[in-house]
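First up is the structure itself, then whatever we jot down about it.
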Amino acid sequence: GEIIKKLEKVDSMSLGLEHFFRELGEIYEIALTNSNHTTQSVLKYAELYAELLINGHAIELLDGDAGNMSGTWLSAICNEVIKRFPKLQVFVISILGLQSSGKSTLLNALFASKFAVSVGRCTRGLFMRLVFLEKKLCEELKVDAILIIDTEGLGAPEKVNDPEADRKDRLLATFAMGVSNLTLINIFGEYMRDLTEILQIAIIAMARLEKAQMAPDIFIVQHLTEKDTSKTASSIDQFCEALQKALEVTDKKDIEMGIANSKCLNNLNDRIQKGELLKQFHPFKNGA
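Numbering of the sequence shown is given in the UniProt record's numbering, commencing with residue 1 and proceeding in unit increments.
So this is what it looks like as structure tokens:
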């Protein structure tokens, strides 16, 4: 109990770039409602932040403390990016996993990005980073850039006393999967029970959104620490079975659950059945 109180005190005293980003967003939204001369310079904030995003800096997509996002502020930044690149085609990749499973490390290794990495809780909410591709890759993949979304670790011990912790985890998972073309599920070892429950809820939540036309796809990345392959194989089977059950619930269009659009999950269902959902490799967290 004493340790948790100390951690909460440290959390309340910490100050990061994301806090300034939030304040600038608030100032920007106030300036929009006030058209006098002094606010014109404030309206350039979105253009300046768009420049940061284009140059590869990470910006906060979802507030990890309040659990909300500034739609007006983020829309303004994205509109400035579109002004620079009117025909920009983007592929969105997000990552989900329990705390300290190496999510940021994996993204840094895959995309040469610089998301914060440390033991414990270092990412709060959701952060996005824009990675532009070389011309040859653009032609091959039919996209100009990849938008990478790094997420806060689910099931964080620091949130054990927070009655809203489970709801926040589900919100994060649903949001991350909902805005992505592909979600990487990062698993360290063979333990994935907690993650399975969260993903089941996220899948059902997305199927409720009839007009959103989401088509989420999942790729599981497992860092193998267990030499007994039968153990890892059984855990993956259980994981896929759990996702399959969630998909079956959406397919039945349960009126009580408000299922409206199960077709958006067909691609995910096909990949589970074909066994194309998983990539296993040995851990690289320590530079191996």
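Positions of the beta carbon are idealized from the N, C-alpha and C atoms, including for glycine.
Here the structure is a predicted model, which means the values were calculated and not measured.
**Study point:** Within the region 28 to 74, ranges of the beta strand (DSSP E) (whole runs, at least 3 residues)
**Key:** 59 to 62
Exercise for review: Going by DSSP, name the residue or residues bridged to residue 180.
Suggested key: For this step, residue 180 is matched to residue 180 along the sequence shown. In DSSP, residue 180 forms no bridge with anything.
Review point. Under the DSSP definition of a beta bridge, which residues are partnered with residue 129?
Key: If you number the sequence shown from 1, residue 129 lands on position 129. According to DSSP, which records beta bridges pairwise, residue 129 is partnered with 148.
Check your understanding: Does the beta-carbon of residue 288 have 16 or more other beta-carbons within 10 angstroms, so that it is buried, or is it exposed?
Key -> For the purposes of this step, residue 288 is identified with residue 288 of the sequence shown, where counting begins at 1. Low per-residue confidence applies at residue 288: pLDDT is 35, beneath 50, and the placement is therefore not dependable, though the value from the model is reported in the following sentence. Label assigned to residue 288: exposed.
Exercise for review: Would you check if the distance between the CB atom of residue 242 and the CB atom of residue 196 is smaller than 8 angstroms?
Suggested key: In the sequence shown, the residue the question calls residue 242 occupies position 242. In the sequence shown, the residue the question calls residue 196 occupies position 196. The answer is yes: Cβ separation under 8 angstroms.
**Study point:** Cβ shell of residue 43 (< 8 angstroms), same chain only, five flanking positions each side left out
**Key:** Within the sequence shown, numbered from 1, the residue matching residue 43 stands at position 43. The answer, listed in chain order, is 28, 31, 32.
Check your understanding: Under the three-state reduction of DSSP, which class applies to residue 104: helix, strand or coil?
Key -> Here residue 104 corresponds to residue number 104 of the sequence shown, with the count starting at 1. Note: residue 104 maps to helix in three-state DSSP.
Exercise for review: Assign residue 154 to one of three DSSP states: helix, strand, or coil.
Suggested key: Residue numbering aside, residue 154 sits at position 154 when the sequence shown is read from its first letter. In the structure shown, residue 154 sits in a strand (DSSP, three-state: E or B).
Review point. According to the neighbour-count rule (16 or more other Cβ atoms, all chains shown, within 10 Å of its Cβ), is residue 286 buried or exposed?
Key: Position 286 of the sequence shown, counted from the start, is the residue given in the question as residue 286. A caution first: residue 286 carries a pLDDT of 44, below 50, which makes its placement in the model unreliable, though a value can still be read off. It is exposed - the Cβ of residue 286 has fewer than 16 other Cβ atoms within 10 Å.
Review point. Helix or strand or just coil, what does DSSP make of residue 322?
Key: With the chain represented from 1 up to 288, any question about residue 322 goes unanswered, as that position is not in the structure.
Check your understanding: Helix, strand or coil: how does DSSP classify residue 96 here?
Key -> As a first step, residue 96 is located in the sequence shown; it is residue number 96 there, counting from the start. In this structure, residue 96 counts as strand in the three-state DSSP scheme.
**Study point:** According to DSSP, residues forming a beta bridge with residue 218
**Key:** Numbered from its first residue, the sequence shown carries residue 218 at position 218. Answer is 183.
**Study point:** Residue environment, residue 112, which counts as buried when at least 16 other CB atoms sit within 10 Å
**Key:** As a first step, residue 112 is located in the sequence shown; it is residue number 112 there, counting from the start. Burial call: exposed.
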